[in-house]
Amino acid sequence: MTAPTPTTDAESALKESGHGDGPRPQSTGEKILRRTGRAIIVAFWVMVVAFMLIRLSPGDPVTAALGGDAAPETVEALRKTLGLDVDPLTQFWQYFTGLFQGDLGASLISGIPVTEMLRTNLPVTLWLILTTVVMTLVISIPLAMFIALARIPGLPYVFRTLTAIGLALPSFLVALILLYQFGLVWGIAPIFGYDPTFPANMQYLWLPALVNCVVLVPVLSRVLYSSILDTLDEEFVETGVIRGVRSFRFFWFYVLRPSLAPTVVLLSYMMGVMVGSTVILEIIFALPGIGRELVTAVTMRDYPVVQGIILVFGILVVFLSLLGDIVASILDPRVKLT
Amino acid sequence: MSANPVPGVSPDSLVEIRDLVIGIQRTRKDRLIIVDSANFDIRRAETLGLVGESGSGKTMVCRSLIGTLKRRSASIFAGSIIFDGLDLANLDERQWRPVRGNRIGYVPQSALTGPNPVMTVGKQLGEAVRRNRKRKDKDVRKRGMELLDLVHIRRPEVVYDQYPFQLSGGMRQRVMIAAAIAQDPDIVVADEPTTGLDVTVQAEIMKLLQEIRSEFNMSVVLVSHDLALIDEVCDRLVVMHAGTCVEVGTVPDVASTPLHPYTIALNRSRIDIATPGAPLVTIKGNPPAVGEWPPGCRFAERCDLVQEDCAVGRNPALVEVRPAHWSACLHTELLGGSHG
Chain A
1 MTAPTPTTDA
11 ESALKESGHG
21 DGPRPQSTGE
31 KILRRTGRAI
41 IVAFWVMVVA
51 FMLIRLSPGD
61 PVTAALGGDA
71 APETVEALRK
81 TLGLDVDPLT
91 QFWQYFTGLF
101 QGDLGASLIS
111 GIPVTEMLRT
121 NLPVTLWLIL
131 TTVVMTLVIS
141 IPLAMFIALA
151 RIPGLPYVFR
161 TLTAIGLALP
171 SFLVALILLY
181 QFGLVWGIAP
191 IFGYDPTFPA
201 NMQYLWLPAL
211 VNCVVLVPVL
221 SRVLYSSILD
231 TLDEEFVETG
241 VIRGVRSFRF
251 FWFYVLRPSL
261 APTVVLLSYM
271 MGVMVGSTVI
281 LEIIFALPGI
291 GRELVTAVTM
301 RDYPVVQGII
311 LVFGILVVFL
321 SLLGDIVASI
331 LDPRVKLT
Chain B
1001 MSANPVPGVS
1011 PDSLVEIRDL
1021 VIGIQRTRKD
1031 RLIIVDSANF
1041 DIRRAETLGL
1051 VGESGSGKTM
1061 VCRSLIGTLK
1071 RRSASIFAGS
1081 IIFDGLDLAN
1091 LDERQWRPVR
1101 GNRIGYVPQS
1111 ALTGPNPVMT
1121 VGKQLGEAVR
1131 RNRKRKDKDV
1141 RKRGMELLDL
1151 VHIRRPEVVY
1161 DQYPFQLSGG
1171 MRQRVMIAAA
1181 IAQDPDIVVA
1191 DEPTTGLDVT
1201 VQAEIMKLLQ
1211 EIRSEFNMSV
1221 VLVSHDLALI
1231 DEVCDRLVVM
1241 HAGTCVEVGT
1251 VPDVASTPLH
1261 PYTIALNRSR
1271 IDIATPGAPL
1281 VTIKGNPPAV
1291 GEWPPGCRFA
1301 ERCDLVQEDC
1311 AVGRNPALVE
1321 VRPAHWSACL
1331 HTELLGGSHG
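Protein chains in written order, with the working numbering: chain A, 1 to 338; chain B, 1001 to 1340.
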């Protein structure tokens, strides 16, 4: 490079001219596409694991359906109709090719197609997850901002203590306590049942979502609280104050938005974990969700149902974390999608 | 605090800082004093250097000039900062608004965290230009481009829509300078504006500040621990040690006849004038920690010329030892042989 002109940073001149070397920068669209591609590969492995897991666990569906003392001919016949007489590799191939035709198989017990079960039961679970996300954010964000900004002596200490307690409580216990208190003592929440239409379903979902919040809010509000404290320490907040930025604009652009990325990523990850814990909540609150079906299917060794539901859960987890990463990178351009 | 002799009173004074005491109120009765008796003036269109080791209170003095002490839970306990008939030490949040950013600009310490990472350059400049007033987007953009051009950013139309993380450190700091001068302020406070930049970029940023100062007739307060840099670009300097101003004077005066042992020690420890091969000179001991200041002169413990009366009584005040040259040393008569 020639001598830099006096009015140019040598450093920035280098940066500006440095297009030739190094990989071509990717557009956001490309990055999202690549990230989605990776998510699909992960989903495939989830499927493989789901397939293997159920077959490696002890017990088999034929014995479960016919009982231990059935005649060998009957067992053999059922084995054939269920397609379990061939080796596992062939079974996997049949399953895999079936997927692309939208065929997840049918329940070995009831004969209902897995896709049909998903259609009726999955929305309940998705609604529960969505309600949980919204409630968690609605509680965590104002809470964390208030604790960080109010500067009330002793309040952060109380906050830390309470969140530690919340974190330590097992969610099934919280579920039972809340159900007893809200459902039986105060009678303001239904004890069981579900209405699949929105907004009527909220009546049944708010309490299970609240149980999830007892675990999620402490984690998220603490992470957000410490991110906000870090942000407030940054010099750009000072420059914002000096430029006279105030009220909503200040809190959004100078406090909350630069702090949100870790929380969003964590929330998407925690929601993945929550997919698992909804199983317990669906049983306790008698919600006709897909998690409850999964438990039944596992005890009955209902291979196609277990595989199907685990596959859907896996895709859900992968999708949620993808969504979290994308949202985080939109909120904070420093976050790179890799 | 009793009235100290007033350094630097001159018709050119734009800001007069007198007996300024800054600290943190930890509990109702427990105060941690970080700066006491800061005494100096900022003159019109001068570059004033504020120099001292870390923890000497430079940054706190800066923050008192832009009214952001409260954000760091610090406040002014005593003293005054008179700027154009206003006492900045006693302004409330509402009274600060027309002053800070409008009449006193600020260039942050670190180019890395100075710009808001989630906003484009243009959006941030827009805030500085608009200042909550209604202005047409087109005009704001035009003024933003003008400012980028003033700080010599090439291709302003590209940079305007970029995020800070897409810019080099030097460019970010140029953007911060552009935002600081958006309202054509009387004073620009630059708190170690070249921290973390490499040497060539540092020089360019300093040059730019000088250029803007003379073009717009602004005063620049430059905080640094780099005495070489201060010598090069400043007209006058204030040396701070352990929360006190220990020497105030013009750069040539302080360079030729330093009147405080601390200034002399700072000068000796300069790397740029060190003899190659010889061990580097450092100042012995550490500056006394905030809140643990000894009685008398706070440099006494580290001073080669310490006398019996140095480490007793109150923290010595600035005295005009030579015309327009103040020192807080009680024994300036001993300094003659120790340098030059």
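Quick reminder that beta carbons are idealized off the backbone N, C-alpha and C, glycines included.
Please determine if the stretch 1222 to 1234 of chain B and the stretch 1025 to 1038 of chain B are in contact, where contact requires at least 3 C-beta pairs separated by less than 8 Å.
no
Which partner residues of Arg1031 of chain B appear in the DSSP bridge assignment?
B:Gln1025
Just to confirm the assignment, what range does the alpha helix (DSSP H) spanning Ser1327 of chain B have?
No alpha helix (DSSP H) holds Ser1327 of chain B; the beta strand (DSSP E) holding it covers 1325 to 1327.
So is Val241 of chain A in contact with chain B if we call contact Cβ pairs under 8 Å?
Closer than 8 Å to some Cβ of chain B, the Cβ of Val241 of chain A qualifies, so yes.
Along chain A, in chain order, which residues have C-beta atoms closer than 8 Å to that of Tyr1106 of chain B?
The answer, in chain order, is Glu238, Thr239, Ile242.
Tell me whether Arg1155 of chain B is buried or exposed, calling it buried when 16 or more other Cβ atoms sit within 10 Å of its Cβ.
Exposed is the call here.
Does the separation of the CB atoms of Ile315 of chain A and Ala106 of chain A fall below 8 Å?
no
Going by the CB atoms, is the gap between Ile147 of chain A and Leu155 of chain A shorter than 8 Å?
The answer is yes: Cβ separation under 8 Å.
Note down, in chain order, every chain A residue with its Cβ under 9 Å from the Cβ of Ile1081 of chain B.
Going along chain A, no residue has its Cβ under 9 Å from Ile1081 of chain B, so there is no contact; the nearest lies around 16 Å.
Is the shortest distance between the beta-carbon of Glu30 of chain A and the beta-carbons of chain B less than 8 Å?
no
Among the residues of its own chain, which have a CB less than 6 Å from the CB of Arg1103 of chain B, if the five just before and after it don't count?
Pro1185, Asp1186, listed in sequence order.
Contact criterion: CB-CB distance below 8 Å. Does Pro258 of chain A meet it with respect to chain B?
yes
In this structure, how does DSSP classify Pro113 of chain A when only helix, strand and coil are distinguished?
Judged by DSSP in its simplified three-state form, Pro113 of chain A adopts strand.
Here's the rule I'm using: 16 or more other beta-carbon atoms within 10 Å means buried, otherwise exposed. How should Ser1064 of chain B be labelled?
buried
If you follow the beta strand (DSSP E) that Tyr204 of chain A is part of, which residue opens it and which one closes it?
It is not in any beta strand (DSSP E) - Tyr204 of chain A instead sits in the alpha helix (DSSP H) that spans 202 to 233.
Going along the stretch 258 to 282 of chain A in order, which residues come within less than 7 Å of chain B, judged by CB to CB distance?
Pro258
Could you check whether Val1238 of chain B and Gly1049 of chain B sit closer than 8 Å to each other, using their CB atoms as the reference points?
In contact: Gly1049 of chain B and Val1238 of chain B (Cβ atoms closer than 8 Å).
I believe Pro1287 of chain B touches Glu1093 of chain B by the beta-carbon criterion, under 8 Å. Please report the beta-carbon distance rounded to the nearest angstrom.
Pro1287 of chain B to Glu1093 of chain B, Cβ: 33 Å. No contact.
Going along the chain, which residues of its own chain have a beta-carbon closer than 8 Å to the beta-carbon of Ala1274 of chain B, five neighbours each way excluded?
Leu1280, Val1281
Mapping the DSSP letters down to three states, classify Gly1105 of chain B as helix, strand or coil.
strand
Whole beta strand (DSSP E) runs in the stretch 1239 to 1283 of chain B with 3 or more residues, listed along the chain?
DSSP runs (the beta strand (DSSP E)) wholly in the stretch 1239 to 1283 of chain B: 1244 to 1250.
Candidates B:Pro1316, B:Val1107, B:Glu1204: which alpha carbon is nearest Val1233 of chain B's?
B:Glu1204
Tell me where the alpha helix (DSSP H) around Thr197 of chain A begins and ends.
Element bounds for Thr197 of chain A: n/a, residue is neither H nor E.
Taking the straight line between their C-alpha atoms, what separation do you get for Trp127 of chain A and Arg1135 of chain B?
Each residue's Cα considered, the two are about 45 Å apart.
For Thr1195 of chain B, which three-state DSSP category applies?
strand
What residue from A:Tyr157, A:Ala297, A:Leu294, A:Val317 has the CA that sits closest to Arg222 of chain A's CA?
Residue A:Tyr157 is the option with its Cα nearest to Arg222 of chain A.
Kindly say whether Tyr1160 of chain B, judged by its beta-carbon, lies nearer than 8 Å to any beta-carbon of chain A.
no
Strictly by DSSP, which residues pair up with Phe1040 of chain B?
B:Ile1017
Does the Cβ of Val306 of chain A have 16 or more other Cβ atoms within 10 Å, making it buried, or fewer, making it exposed?
buried
Please state the DSSP three-state secondary structure of Phe1216 of chain B.
helix
Applying the criterion that 16 or more other CB atoms from any shown protein chain within 10 Å of the CB defines a buried residue, is Asn1116 of chain B buried or exposed?
buried
Does Ser321 of chain A come out as helix, strand or coil in the three-state DSSP assignment?
helix
How about Arg243 of chain A and Ala1179 of chain B: are their beta carbons less than 8 Å apart?
yes
Counting only beta-carbon separations shorter than 8 Å, does Tyr1262 of chain B have a partner in chain A?
no
Ala1182 of chain B and Leu1125 of chain B: beta carbons closer than 8 Å?
Pairing Ala1182 of chain B with Leu1125 of chain B gives a Cβ-Cβ distance under 8 Å.
For Ile188 of chain A, which three-state DSSP category applies?
coil
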